[in-house]
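Student:
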Amino acid sequence: MALADLETVAAAMVATDKGILAADESSGTIKKRFDKIGLESTAESRRAYRELLFTTPGMAKAISGVIFYDETLRQKTSSGVPFPEYLAKQGVLPGIKVDTGAKPMAAFPNETITEGLDGLRERLVEYYQLGARFAKWRAVIDIGAGIPTGYAIQANARALARYAALCQEQNIVPIVEPEVLMDGAHDIERCEEVTDAVLTEVFDQLAGHRIHLEGMILKPNMVISGKKCPKQASAEQVAAATVRCLKRHVPSAVPGIAFLSGGQSPAEATLHLSLMNAIGKLPWQLTFSYGRALQDAALSAWGGKASAVEAGQKEFGRWARLNGMARSGRFKPGMETQAA
Ligand code: 13P
Numbered sequence: 060m061a062l063a064d065l066e067t068v069a070a071a072m073v074a075t076d077k078g079i080l081a082a083d084e085s086s087g088t089i090k091k092r093f094d095k096i097g098l099e100s101t102a103e104s105r106r107a108y109r110e111l112l113f114t115t116p117g118m119a120k121a122i123s124g125v126i127f128y129d130e131t132l133r134q135k136t137s138s139g140v141p142f143p144e145y146l147a148k149q150g151v152l153p154g155i156k157v158d159t160g161a162k163p164m165a166a167f168p169n170e171t172i173t174e175g176l177d178g179l180r181e182r183l184v185e186y187y188q189l190g191a192r193f194a195k196w197r198a199v200i201d202i203g204a205g206i207p208t209g210y211a212i213q214a215n216a217r218a219l220a221r222y223a224a225l226c227q228e229q230n231i232v233p234i235v236e237p238e239v240l241m242d243g244a245h246d247i248e249r250c251e252e253v254t255d256a257v258l259t260e261v262f263d264q265l266a267g268h269r270i271h272l273e274g275m276i277l278k279p280n281m282v283i284s285g286k287k288c289p290k291q292a293s294a295e296q297v298a299a300a301t302v303r304c305l306k307r308h309v310p311s312a313v314p315g316i317a318f319l320s321g322g323q324s325p326a327e328a329t330l331h332l333s334l335m336n337a338i339g340k341l342p343w344q345l346t347f348s349y350g351r352a353l354q355d356a357a358l359s360a361w362g363g364k365a366s367a368v369e370a371g372q373k374e375f376g377r378w379a380r381l382n383g384m385a386r387s388g389r390f391k392p393g394m395e396t397q398a399a
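Residues in the sequence shown are numbered from 60 upward in steps of one, following the numbering used here.
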């Protein structure tokens, strides 16, 4: 393990005015996204879509790294350049999702445990050779009646820490992603309580597993009202609660925190990030690692049509740029509708 390499990569992932594109949708998830635009999901349509994103002019100004899914890491641009190589040439770091999904946890109804540890060391060796310099593992915590249980939180945190240790051993920076879902009817206070419990356990396990904090990135949810909650907290409340919660749990040795968007609209996710950065005096870089919030507009504008590649790229470029502005608190509501 070369600690200096891990630290250099982690710092580059959260560089000023930049964030990470999550383009690591599994074949099942990308099919759901393509269904919305009436496009069949094939290896070629998936490749063409990812090419649209990765070849967007100027994307490297706001995107420091891209998280790939296994299939995409092995695919090429239409002119035959492997995607990881294409991105690396532009100074964009290739990353890889290595968990194999959240599966029902035996004896714990409605809770999941993320799988993928078996054989992970060998897979990481290959991923490094294919160009990956960072990885991602997502644990999923749902809020509902009687859940989450402490045991499910602990089991997921332990798997995250074991994954992180294996990554660092192979010189790959782990993105540690414990996602508290925003799908329920719970209020923001309940989200904060659960996020508190999850981050307590995650950092306890990371310490126990001897993780080099300077060589990792945390990818958390924001502290936010459940989507079905009748009393939605304001954007200012989300920003204040999220920063408060993170300050209580995330050591300043961690170089950066890169949020997931989790089902927020692109404008909401961007505004929340901007308001948090506007608070200032934060001990870590606060940035984005969005999937849907960066891609939704691009996917609709493209619609699977070769003639609309440029329109799709314009939308992806727009949301990448706006989130780049949110890195320093410069995004303001309404900016998204201004001319590109
Ligand atoms: P969303 O921003 O769409 O939540 O995706 C981020 C991600 O990588 C979830 O694992």
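Backbone N, C-alpha and C define an ideal beta-carbon position, used for all residues, glycine too.
Closer than 7 Å by C-beta to L176: which residues in its own chain qualify, once you throw out the five before and the five after it? Chain order, please.
Tutor: The answer, listed in chain order, is A218, R221 and Y222.
Student: Do R377 and G407 count as a contact pair if the criterion is CB distance below 9 Å?
Tutor: Since the first and last residues shown for the chain are 60 and 399, residue 407 lies out of range.
Student: Quick one: which unbroken beta strand (DSSP E) runs of 3-plus residues sit fully inside the region 283 to 350? Chain order, please.
Tutor: Here the runs fully enclosed are 315 to 318 and 344 to 349.
Student: Leaving out the 5 sequence neighbours to the left and right, which residues in its chain are closer than 7 Å to G117 when beta-carbon positions are compared?
Tutor: G376
Student: Enumerate in chain order the residues of its own chain whose CB-to-CB distance from M281 is below 7 Å, with the five nearest sequence positions on each side excluded.
Tutor: Result list for M281: V297, T301, F318 and H331, in chain order.
Student: Using C-beta distances below 6 Å, list every residue in its chain close to A244, excluding the 5 sequence neighbours before and after it, in chain order.
Tutor: G285, K287 and C288
Student: Using DSSP with H/G/I as helix, E/B as strand and the rest coil, what is I202?
Tutor: coil
Student: Check whether the Cβ atoms of A198 and P168 sit closer than 9 Å, and answer yes or no.
Tutor: no
Student: Roughly how many angstroms lie between the CA atoms of C304 and C250, to the nearest whole one?
Tutor: Taking the straight line joining both Cα atoms gives about 10 Å.
Student: So what's I126 in DSSP terms, helix, strand or just coil?
Tutor: strand
Student: For I96, I'd like the list of residues in its chain whose CB is within less than 8 Å of its CB, leaving aside the five on either flank, ordered along the chain.
Tutor: L358, S359, W361, G362 and G363
Student: Counting only runs of 3+ residues fully inside the region 118 to 179, write out the beta strand (DSSP E) ranges in chain order.
Tutor: 122 to 127, 152 to 156, 161 to 163 and 171 to 173
Student: Rank Q354, T346, A337 and P310 by C-alpha distance to the C-alpha of G322 and give the top, closest one.
Tutor: Q354
Student: Grab me the residues of A224's own chain with a C-beta within less than 8 Å of its C-beta, minus the 5 sequence neighbours each way, in chain order.
Tutor: H268, R269 and I270
Student: Just the Cα atoms here: how many angstroms apart are A214 and T171?
Tutor: In this structure, the alpha-carbon of A214 lies about 10 Å from that of T171.
Student: Bridge partners for K195 per DSSP, in chain order?
Tutor: K156 and I234
Student: What's the C-alpha gap between L111 and E374?
Tutor: 11 Å
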